[in-house]
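Colleague: Take a look at this one; I'll ask things after.
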Amino acid sequence: DTAVSQTPKYLVTQMGNDKSIKCEQNLGHDTMYWYKQDSKKFLKIMFSYNNKELIINETVPNRFSPKSPDKAHLNLHINSLELGDSAVYFCASSQDWGLTYEQYFGPGTRLTVT
Amino acid sequence: QKEVEQNSGPLSVPEGAIASLNCTYSDRGSQSFFWYRQYSGKSPELIMFIYSNGDKEDGRFTAQLNKASQYVSLLIRDSQPSDSATYLCAVTPPRGNNNDMRFGAGTRLTVKP
Chain R
51 DTAVSQTPKY
61 LVTQMGNDKS
71 IKCEQNLGHD
81 TMYWYKQDSK
91 KFLKIMFSYN
101 NKELIINETV
111 PNRFSPKSPD
121 KAHLNLHINS
131 LELGDSAVYF
141 CASSQDWGLT
151 YEQYFGPGTR
161 LTVT
Chain Y
2 QKEVEQNSGP
12 LSVPEGAIAS
22 LNCTYSDRGS
32 QSFFWYRQYS
42 GKSPELIMFI
52 YSNGDKEDGR
62 FTAQLNKASQ
72 YVSLLIRDSQ
82 PSDSATYLCA
92 VTPPRGNNND
102 MRFGAGTRLT
112 VKP
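So the protein lines, in turn, are chains R and Y. Sequential numbering of the first sequence, starting at 51, is according to the working numbering. Sequential numbering of the second sequence, starting at 2, is according to the working numbering.
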């Protein structure tokens, strides 16, 4: 069984469109995340979210918004897509207790904005 | 100063050799340290984590942590061509802060047969 899944795997769209990426985890984790990995492979956190708190990386444009219908899902909605949004987006999850809270990643969504 | 720094490589080692990957971090209060492996076109997968000073071994992998020097390393013994990937070092802040894991830019490792 896939622990963290994302859909779609590939997304090609035009500038100005609005799109969503879905993420689901079946690990029973409390916290979910969205990361952006750019062309230089640098992995940067965008959001972390649990049922108590949404933490937004201050560098993320407000065109990006996470939406969580329940603890197992965290979707990413992007408005007015720009060329610079092209990247691979990874969803991840972790348990919210314990000494370490290692994160488990989904397979990624490659977004291409033309 | 970057929060988590790694030598981007590429690091090339012959099959069977020991590969040594290094990482330094800037926040002295950092709590937990992780090594992820990322194959090209794939997602990061967790290899090891460490939170106490010293060595932690798991099969061919050994993580080493020195909090005084703010340094964490990963040794891969008996390197195999299948170990060729980018290795990401990640660090988490002290407990009580958010779960904001910071990643280094990664070191590309190539193991030559």
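Heads up, the beta-carbon is just placed ideally off N, CA and C, and yes, glycines get one too. As the structure is a prediction and not an experimental result, all values here were calculated from the model.
Indicate whether at least one CB of chain R lies closer than 7 Å to the CB of L47(Y).
Modeller: yes
Colleague: At 7 Å on the CB atoms, spell out the chain Y contacts of E152(R), in chain order.
Modeller: F35, L47, F50
Colleague: Please tell me whether S70(R) and N125(R) are closer than 7 Å, where the distance is taken between their beta carbons.
Modeller: yes
Colleague: At a CB-CB cut-off below 7 Å, which residues of chain R make contact with F104(Y)?
Modeller: L93
Colleague: Please list the terminal residues of the continuous beta strand (DSSP E) segment that includes I19(Y).
Modeller: Neither: I19(Y) is in no beta strand (DSSP E) and is coded neither H nor E.
Colleague: Under a three-way DSSP split, which group does S80(Y) fall into?
Modeller: The three-state reading of DSSP puts S80(Y) in coil, since its state is none of H, G, I, E or B.
Colleague: If I follow the unbroken beta strand (DSSP E) through S33(Y), where does it start and stop?
Modeller: 33-39
Colleague: So, at 6 Å on beta carbons, what are the nonlocal neighbours of R20(Y) in its own chain, with the 5 sequence-adjacent residues on each side left out?
Modeller: Contrary to the premise, residue 20(Y) reads as Ala rather than Arg in this sequence. Correct list, in chain order: V14, I77, S80, L110.
Colleague: If you measure between the beta carbons of P157(R) and S44(Y), is that distance less than 7 Å?
Modeller: yes
Colleague: Looking at the strands, I want to know which residues DSSP matches up with L126(R).
Modeller: I71(R), P116(R)
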